[in-house]
Every structure is written in structure tokens, then in C-alpha cells.
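In terms of the numbering used here, the numbers along the sequence shown are unbroken and rise by one, the last being 152.
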Amino acid sequence: MAPLVILVAVTLALLTAGALGVQRLRPWPVAVRGGLAAMFTATGISHFVGMRDVLISMVPPEVPAPGFWVTATGVLELAGAAGLLWNRTAVWAAGCLSALLVALFPANVYAARNHVLTAWDDQLWPRTVMQILFLAATLGVVVHHLKHRARV
């Protein structure tokens, strides 16, 4: 639930700053990119600090070397977060993060079905809805870029 709160709070804060006159934050994709960057920074860091053991336990047993995969996905999330902040790489970062969200969804299903997490986070439907929202945000950045680029 925390990643969703981060995404929404940062995006709304950036949209507000844009509405109050910060020109660079006026386009909604910039605010969404900032919210996604904050969210993926937080989730990426959690692969190394605080939740590492929980994330390792989320990896389905069929996948070898779960510690390696948690490290690798944490690095990819942090790289994607950085990429979202630079105009030249933002669309690629958003596209790659979209693919990562899809690729990691089976771990979320495994975690929900095996009650790896606690309370609300271990239910499949809320986790699925959150993943869809994250995917919608990343794909929204990609689609906006492609539409804008096609008009130029």
C-alpha cells in the first residue's frame, strides 16, 4: 500500500506545484514521472534495506537464487526511477518499468496466495488493482510520449 500512497502523494504535489506556476511541472506526464520515480526509488531501496527478507520470501520456489533476483530487480527499479527523471530516457525507463511490473506480477500472486505479506497486502485483488494502477501510470507516460512525438 505504501508504494501507491507515494505515487499518488508525489504526483499530486507535483501537479499542485505545476498549477501554482512551476512551468516544468505543468504537463501531467512530468508529475506522473516524478511520482513513479519516488515510488520506484522507495521500492528499489526496499530490496536492500528493511524488506529484503520479505521480498526474497515472495519469490516462488521454482525460481532459483531468489536473493540474486531481488537484488537485480532492486537495481532495475532504481535505474528506472533515475531514468524517469531525464527527458531523454523517460519513455524508455517507463517502458522498461512496465515490462518489469508484468514480469514480477507472478511473485505478487505467489505472495498473496501463500500469505507471505501481512493484512491488506496479502490479498490478491488489492495487489492486482495496485499493479494495474502502476502499469497504467508507466504506460501512460509511454503513450503520451508516442502520441506527442507522432504530432511533431
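In this text, a Cβ means the ideal position worked out from N, Cα and C, and glycines have one as well.
Contact between residue 66 and residue 56 holds: their C-beta atoms lie close to 5 Å from each other, under 8 Å. Residue 85 sits in coil when the DSSP states are folded into three classes, being neither helix nor strand. Using a 10 angstroms sphere on the CB of residue 39, the tally of other CB atoms reaches 16 or more, which defines it as buried. Around the CB of residue 50, fewer than 16 other CB atoms lie within 10 Å, so the residue is classed as exposed.
In the three-state reduction of the DSSP assignment, residue 26 falls in the coil class, being assigned neither a helical nor a strand state.
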